[in-house]
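Colleague: Protein chains in written order, with the numbering used here: chain E, 1 to 111; chain P, 112 to 224.
No residue lacks a Cβ here, since even glycine has one placed at the ideal position from N, Cα and C.
Only a predicted model underlies this, so the values are computations on that prediction, with no experimental measurement involved.
Mind having a look at this structure? Questions to follow.
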Amino acid sequence: GNSVTQMEGPVTLSEEAFLTINCTYTATGYPSLFWYVQYPGEGLQLLLKATKADDKGSNKGFEATYRKETTSFHLEKGSVQVSDSAVYFCALRGDDYKLSFGAGTTVTVRA
Amino acid sequence: TAGITQAPTSQILAAGRSMTLRCTQDMRHNAMYWYRQDLGLGLRLIHYSNTAGTTGKGEVPDGYSVSRANTDDFPLTLASAVPSQTSVYFCASRPQGNTGELFFGEGSRLTVL
Chain E
1 GNSVTQMEGP VTLSEEAFLT INCTYTATGY PSLFWYVQYP GEGLQLLLKA TKADDKGSNK
61 GFEATYRKET TSFHLEKGSV QVSDSAVYFC ALRGDDYKLS FGAGTTVTVR A
Chain P
112 TAGITQAPTS QILAAGRSMT LRCTQDMRHN AMYWYRQDLG LGLRLIHYSN TAGTTGKGEV
172 PDGYSVSRAN TDDFPLTLAS AVPSQTSVYF CASRPQGNTG ELFFGEGSRL TVL
């Protein structure tokens, strides 16, 4: 079946530091890949997505590239801000349109 | 824009009691989902509905039931709550088309004692 494995946290960074959250997946067929973000006290919201190999998703300074050869979709941001403190979830959508989520990575950015 | 509305926001429930978590969307999305979020496990799919009148089982359906009488509403019922159902529950919907993006409610925190 489909599954997603992402880097365990928590991750604590200083403002303007570089952030990487690793995500790898197992899937049959041609999955679409997503990063969702959950700010404190809120539901999840889509951060970025990529629907085919070599696609790069980007939003709010975050980027992730769909790497089929390494089955990865790592999330990166070059300079984080305090407002980026949140829980980040990697997710995969299989051919059945259902999403499989990773366990989530809590990121705290200190001023 | 309301989007997805969940109720209640938080609830404490005695074991053995029944409980219905409500979910309403105003976006006319066909597909709706219920997830539970537990620390270290991420989100796990409980039940889903691809369109009004149909439902399906997700990854962890035991102890839960759903109904989809119309497009807007997708209630989740716990017939006889147990402590392992203590969790945060999220309702989500998906628009038609191929994007795969889900829209989430703000969650319902349930504690079963």
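Go ahead and pull the three-state DSSP assignment for P:SER195.
Modeller: In the second sequence, residue 195 of chain P corresponds to position 84, counting from 1. The answer is helix: DSSP assigns P:SER195 an H, G or I state.
Colleague: Any C-beta of chain P sitting closer than 8 Å to the C-beta of E:LEU44?
Modeller: By one-based count along the first sequence, residue 44 of chain E stands at place 44. Yes, E:LEU44 counts as interfacial toward chain P.
Colleague: Out of E:GLU76, E:PHE18 and E:ASP54, state which residue places its alpha-carbon closest to the alpha-carbon of E:ARG67.
Modeller: Residue numbering aside, residue 67 of chain E sits at position 67 when the first sequence is read from its first letter. Minimum Cα distance to E:ARG67 is reached at E:ASP54.
Colleague: When the cut-off is 8 Å and only beta carbons count, does E:PHE18 lie next to chain P?
Modeller: Counting from 1 along the first sequence, the entry for residue 18 of chain E is found at position 18. Not an interface residue.
Colleague: Quick one: does P:PHE185 have its CB under 8 Å from some CB of chain E?
Modeller: Here the question's residue 185 of chain P lines up with position 74 in the second sequence. With 8 Å as the cut-off, P:PHE185 does not count as an interface residue toward chain E.
Colleague: From the DSSP output, read off the bridge partner residues of P:SER219.
Modeller: Position 108 of the second sequence, counted from the first residue, corresponds to residue 219 of chain P. Answer by DSSP bridge pairing, in chain order: P:TYR200.
Colleague: Give the DSSP-derived three-state secondary structure of E:VAL82 in the structure shown.
Modeller: Position 82 of the first sequence, counting from 1, holds the residue named residue 82 of chain E. Helix.
Colleague: Determine, for P:GLY211, whether the minimum Cβ-Cβ distance to residues of chain E falls below 8 Å.
Modeller: One-based indexing of the second sequence puts residue 211 of chain P at position 100. It does; some Cβ of chain E falls within 8 Å.
Colleague: Mind checking whether E:VAL107 and E:GLU15 have CB atoms under 8 Å apart?
Modeller: Indexing the first sequence from 1 puts residue 107 of chain E at position 107. Indexing the first sequence from 1 puts residue 15 of chain E at position 15. No, Cβ-Cβ distance for E:VAL107 and E:GLU15 is not below 8 Å.
Colleague: Would you say E:TYR97 reaches chain P, if we count a Cβ-Cβ gap shorter than 8 Å as a contact?
Modeller: Taking the first sequence and counting its residues from 1, one reaches residue 97 of chain E at position 97. Closer than 8 Å to some Cβ of chain P, the Cβ of E:TYR97 qualifies, so yes.
Colleague: Taking 8 Å as the CB-CB limit, is P:GLY127 close to chain E?
Modeller: If you number the second sequence from 1, residue 127 of chain P lands on position 16. No - not a single Cβ of chain E is within 8 Å of the one on P:GLY127.
Colleague: Taking 8 Å as the threshold (beta carbon to beta carbon), is E:LYS49 in contact with chain P?
Modeller: Position 49 of the first sequence holds residue 49 of chain E. Output row for E:LYS49: interface = yes.
Colleague: Could you work out which residue in P:THR120, P:ALA113, P:ALA126 and P:ALA163 is closest to P:PRO194 when comparing CA atoms only?
Modeller: For the purposes of this step, residue 194 of chain P is taken as the residue at position 83 of the second sequence. Nearest option by C-alpha distance: P:ALA126.
Colleague: Throw me the rounded Cβ distance for the P:MET143 and P:SER160 pair, which I believe falls under 8 Å.
Modeller: Along the second sequence, one-based indexing puts residue 143 of chain P at 32. Along the second sequence, one-based indexing puts residue 160 of chain P at 49. The pair is a contact, with the Cβ atoms about 5 Å apart (cut-off 8 Å).
Colleague: Could you tell me the alpha carbon to alpha carbon distance between P:LEU187 and E:PHE101, rounded to whole angstroms?
Modeller: Here residue 187 of chain P refers to the residue found at position 76 of the second sequence. Here residue 101 of chain E refers to the residue found at position 101 of the first sequence. Cα to Cα, P:LEU187 sits roughly 20 Å from E:PHE101.
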